[in-house]
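Data block below; observations after.
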Amino acid sequence: MAGHSSQRETSLPPPGRYALSGDPAAEARVIQDLARVATGIDSEIGDALRALVLVGPFARGEGGIVELGGEPHAADPGYELLALFRNRPERRQNSLTTMAATWTRLLNARVAIRAIATRDLAHPPATRFWFHAGRRQLVTLVGDPTLVGAIPRYDASELRVDEPAHALCEGLAPLACATLDARTDESALVDRMHRAVLACGDAMLLRRGQYADSLRARAESVEAVCASAAFRTGYLDAIEFCARPDLWAPHGAGDVQTWIASTRRWLLGWYLDSEAERTGTARDLISYVRYLAPLSNSKGSAERRPMLKLLRALPVARSEFAGWGPPIERLLRASVALAFAPYLPAARLHAARLLRLPGAGRGTVADSALLHGLSELANTALADGISHPFMSFDP
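Throughout the sequence shown, residue numbering follows our numbering, covering 345 to 739 in sequence.
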């Protein structure tokens, strides 16, 4: 691509923090990384790039830091950038993906870049991503800083009704995949468990219309509305983990494997209790994932619909209907089953039906088949265009 005849100045605002830890060395590293990426991408693309905008945790002052080789680096999900173009951004995406992969290697930190048309900024979907963007939790690194002013401000009560289900799937599906994958190391499993706790808390707040724009504010809301002491403590512990994943350790004398097993147990108990209050479902995992009414809506499914009565009256097992329904509904149920009871035969078989795996009704199902099926369904259900621009499921 053609470069500039004259290089634009990179704009990095001095006030505010990028990293949740606030460590000066980490802040300096982030500023250096962003300056390098912004200059490189701007030089590569040229004047067609209207603006390059930092979004995600680092734009909110909530980025995580890990130390590698004695140096601070951005922890996952790393640097997420919107590249704004006047029109036809899809033509740029392949080259941006290649650039992102190059910068990921150079910085030893994940870099993701998503092309967006400037006209899409004025009417974005009402999702968590655009909720944060509308509150100007972003930083224009290069180009016209006024462009992001077109993004509307959404109230938490205005977010889409399927956002709680999306949040749950974003947290529980990776936990399920990490558990099923024999290659997963202990640190990765700890990461997925903490993020599952955060996702469950965010889903609870989304359903109440109390989702907030910072981890601190959401933690305060969880403290105010959640009756479970274990969950309140776990949510705060997950935030501590996000700040410095490399320094986190279980509280008390327990080892990591004990912590993982304990967290999985109490999180399942909390989840089934909260869903029982919301939907009237049984406090039993298998009964929950086989529940005939939809679980992915925001208000619950206590009302009995005529179609449900018809299905219950048919002379077939309920499991025959497991593969029905929209992708997000099937993903939610399969993620719950495999995140909380990955080795329970009934949970595995029902998940296999939800994932439409061959031979799901006959005998056992291999971990590899469940992992592949869940990953494929997650990419179908969660990667939904500009609604969640950086949602590309990679277990």
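Heads up, the beta-carbon is just placed ideally off N, CA and C, and yes, glycines get one too.
These numbers come from a predicted model, not from an experiment.
Can you have a look at residue i and say buried or exposed, based on whether 16 or more other CB atoms are within 10 angstroms of its CB?
{"i": "A568", "result": "exposed"}
{"i": "P689", "result": "exposed"}
{"i": "G598", "result": "exposed"}
{"i": "Y687", "result": "exposed"}
{"i": "W505", "result": "In the sequence on display, residue 505 carries Val and not Trp. V505 comes out exposed."}
{"i": "A403", "result": "buried"}
{"i": "E621", "result": "exposed"}
{"i": "G578", "result": "buried"}
{"i": "P433", "result": "buried"}
{"i": "A466", "result": "exposed"}
{"i": "R609", "result": "exposed"}
{"i": "T471", "result": "buried"}
{"i": "E424", "result": "buried"}
{"i": "E530", "result": "exposed"}
{"i": "L412", "result": "exposed"}
{"i": "S501", "result": "exposed"}
{"i": "E415", "result": "exposed"}
{"i": "S565", "result": "buried"}
{"i": "T758", "result": "In this structure the chain extends from 345 to 739, so residue 758 is not present and cannot be described."}
{"i": "A573", "result": "exposed"}
{"i": "S679", "result": "buried"}
{"i": "D499", "result": "exposed"}
{"i": "E507", "result": "buried"}
{"i": "D628", "result": "exposed"}
{"i": "H694", "result": "buried"}
{"i": "G408", "result": "buried"}
{"i": "R527", "result": "exposed"}
{"i": "G717", "result": "buried"}
{"i": "T625", "result": "buried"}
{"i": "D535", "result": "buried"}
{"i": "A661", "result": "Note that A661 scores a pLDDT of 46, beneath 50, so its modelled location is shaky; the value from the coordinates is reported in the next line. Result: exposed."}
{"i": "L658", "result": "Per-residue confidence for L658 stands at a pLDDT of 43, beneath the threshold of 50, marking its modelled position as unreliable; the derived number appears in the next sentence. That one is exposed."}
{"i": "T442", "result": "exposed"}
So residue i is in the beta strand (DSSP E); what residue range does that whole segment cover?
{"i": "Y423", "result": "423 to 429"}
{"i": "R458", "result": "455 to 461"}
{"i": "T441", "result": "No beta strand (DSSP E) contains T441, which is instead part of the alpha helix (DSSP H) from 437 to 451."}
{"i": "P416", "result": "415 to 418"}
{"i": "L398", "result": "395 to 399"}
May I ask which residues mark the beginning and end of the alpha helix (DSSP H) holding residue i?
{"i": "L519", "result": "507 to 524"}
{"i": "V381", "result": "368 to 389"}
{"i": "T607", "result": "600 to 623"}
{"i": "T577", "result": "573 to 587"}
{"i": "A691", "result": "689 to 698"}
{"i": "D499", "result": "That residue, D499, is in no alpha helix (DSSP H); it is neither H nor E in DSSP."}
{"i": "E434", "result": "Per DSSP, E434 belongs to no alpha helix (DSSP H) and is neither H nor E."}
{"i": "R536", "result": "530 to 552"}
{"i": "Y632", "result": "629 to 633"}
{"i": "I672", "result": "671 to 684"}
{"i": "G717", "result": "711 to 726"}
{"i": "R560", "result": "559 to 569"}
Could you tell me which residues DSSP puts in a beta bridge with residue i?
{"i": "E411", "result": "P416"}
{"i": "A363", "result": "G407"}
Residue i and residue j look like a contact to me (Cβ under 8 Å); what is the Cβ gap, rounded to whole Å?
{"i": "I730", "j": "A509", "result": "In fact, because the Cβ distance is near 19 Å, the residues do not count as touching under 8 Å."}
{"i": "A444", "j": "A456", "result": "6 Å"}
{"i": "M537", "j": "L519", "result": "6 Å"}
{"i": "A309", "j": "D377", "result": "Residue 309 lies beyond the residue range present for the chain, which begins at 345 and ends at 739; the question has no answer from this structure."}
{"i": "V399", "j": "L364", "result": "Not quite, the Cβ-Cβ distance comes to about 16 Å (not below 8 Å), so this is no contact."}
{"i": "A379", "j": "F429", "result": "In fact, because the Cβ distance is near 22 Å, the residues do not count as touching under 8 Å."}
{"i": "E514", "j": "M735", "result": "7 Å"}
{"i": "A543", "j": "A511", "result": "5 Å"}
{"i": "P589", "j": "V374", "result": "That pair is no contact at about 16 Å."}
{"i": "A605", "j": "I583", "result": "Wrong, their Cβ atoms sit about 22 Å apart, outside the cutoff."}
{"i": "L699", "j": "L721", "result": "6 Å"}
{"i": "W614", "j": "F575", "result": "5 Å"}
{"i": "G487", "j": "A395", "result": "3 Å"}
Inset, instruction - Within the region 462 to 495, note down every full alpha helix (DSSP H) run reaching 4 residues or more, in order along the chain. - result: 472 to 478
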